[in-house]
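Undergrad: When we follow this note's numbering, the leftmost residue of the sequence shown carries the number 5, and every step to the right adds one.
We treat Cβ as the ideally placed atom computed from N, Cα and C, and that holds for glycine.
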Amino acid sequence: MAFEVAIFALPYFDPKGLIIAEEQGNVVGFVHAGFGFREDLSGLDYSSGVICVVVVHPGCRRQGIGTELVRRAEQYLRDKGAMHIQFGQSRHRDPFYLGIHGGARPSGILESDGNMAPFLQHLGYQVSGNVKVMQRDLTTNRDPTNFRLIGLRRQTEIQIAEHSVPVTYAWFCRYGNIDSMRFRLTLRKTGQAVAAVTVIGLDHYMRSWNERGIGLLDMQVAEQYRGQGYGTTLLIESLRRLRSEMNITLAEIHVPDDQPMAGKAIQNAGFITVETAHVYERAPAG
5 MAFEVAIFAL PYFDPKGLII AEEQGNVVGF VHAGFGFRED LSGLDYSSGV ICVVVVHPGC
65 RRQGIGTELV RRAEQYLRDK GAMHIQFGQS RHRDPFYLGI HGGARPSGIL ESDGNMAPFL
125 QHLGYQVSGN VKVMQRDLTT NRDPTNFRLI GLRRQTEIQI AEHSVPVTYA WFCRYGNIDS
185 MRFRLTLRKT GQAVAAVTVI GLDHYMRSWN ERGIGLLDMQ VAEQYRGQGY GTTLLIESLR
245 RLRSEMNITL AEIHVPDDQP MAGKAIQNAG FITVETAHVY ERAPAG
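The following block contains the structure:
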């Protein structure tokens, strides 16, 4: 069921993008390629190719199988119109595997997977972006606090909605078939929303993590309110509610290195970096 929701049931799933390597009738590897979303999230951008994952059985490595799988994935993407190809998913270039691979969201290639970096460099890929994987332990009731956060908590309140506004094609594809909530931080006096974040359940990781976890996605703070503690307040208050009402024990969020202000707000909310992921990119075709 998980694979159905995160892969096969998606309206843009193309069997030709899922390439399988077999040896004597046994699967020894596969690669899965797709496309990022348009800037307005209204559909796919076929100029933006993404190789989501490549896997080769440990006993069949160093035989050229992975190289051939990637080559065929690249050819598939170019045949469909890709002008540039990214290896590893990133925000809005993440067509598959949400909720079942990569934790809070599929983000690049983990640094701890030491075999992938030399493999990709050999194929001509270079790091184009870095993402911090940050987590917060919610088994303790100690929330970060200071005088500014106390003041902001008094001035704001948390509201919960089913989805973001406006609802886009990308939203329906990624969140339409999974449980998600949109937490909004609003000003008590005016009702104006100043920050928001989407929460998804990570139940598929419960057995391997031994945690009841949630993922935080698409965090936004209105421009005029950035750097003032509203993002931190949003996270602290959202997690306080989730911990008390749903017994959540772990929260995870991924932060690109090119968003230092967001990273600071998340760190101030009690998150620590547990891993780094790298996104790789090939030079434009032609």
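For A269, report the span of its alpha helix (DSSP H) as first-last.
TA: Taken as a continuous stretch (DSSP letters only), the alpha helix (DSSP H) holding A269 covers 264-272.
Undergrad: Excluding the 5 residues flanking M171 on each side, which residues of the same chain have their C-beta closer than 7 Å to its C-beta?
TA: In the sequence as displayed, the identity of residue 171 is Val instead of Met. Contacts found: none.
Undergrad: Within the chosen definition, does the region 212-224 reach the region 63-72 through at least 3 CB pairs nearer than 8 Å?
TA: These segments do not touch.
Undergrad: Which residue's Cα is closest to the Cα of Q370: R97, Y173, G106, I23?
TA: The chain is shown from 5 up to 290; residue 370 falls before or after that span and cannot be answered.
Undergrad: Kindly indicate which residue of D262, P122, L45 has the alpha-carbon position closest to the one of A175.
TA: Here residue 175 is Trp; the residue named in the question, Ala, does not match the sequence. Among D262, P122, L45, the Cα nearest to that of W175 is on L45.
Undergrad: Could you give the distance in angstroms between the alpha-carbon of Q2 and the alpha-carbon of E161?
TA: The first residue shown for the chain is 5 and the last is 290, placing residue 2 beyond what the model contains.
Undergrad: Considering Cα atoms alone, identify which of L127, T149, G112, P99 is closest to G68.
TA: The option with the nearest alpha carbon to G68 is L127.
Undergrad: Output the boundary residues of the alpha helix (DSSP H) element that contains Q163.
TA: Taken as a continuous stretch (DSSP letters only), Q163 belongs to no alpha helix (DSSP H), being part of the beta strand (DSSP E) at 160-165.
Undergrad: Apply the 10 Å Cβ neighbour rule to A255 and answer buried if 16 or more other Cβ atoms are within range, or exposed otherwise.
TA: Buried, because 16 or more other Cβ atoms sit within 10 Å of the Cβ of A255.
Undergrad: Looking at S242: is its Cβ nearer than 8 Å to the Cβ of V203?
TA: Yes, Cβ-Cβ distance for S242 and V203 is below 8 Å.
Undergrad: Considering only the beta carbon of each residue, do H61 and V32 sit closer than 8 Å?
TA: Their beta carbons are under 8 Å apart, which means H61 touches V32 by this criterion.
Undergrad: Of the choices E279, E78, M250, A273, whose alpha-carbon is the least far from that of D261?
TA: Ranking the options by Cα distance to D261, first place goes to E279.
Undergrad: Roughly how many angstroms lie between the CA atoms of H88 and H96, to the nearest whole one?
TA: For H88 and H96, the distance between alpha carbons rounds to 15 Å.
Undergrad: Can you tell me whether DSSP reads Y209 as helix, strand or coil?
TA: Residue state, collapsed to three classes: helix.
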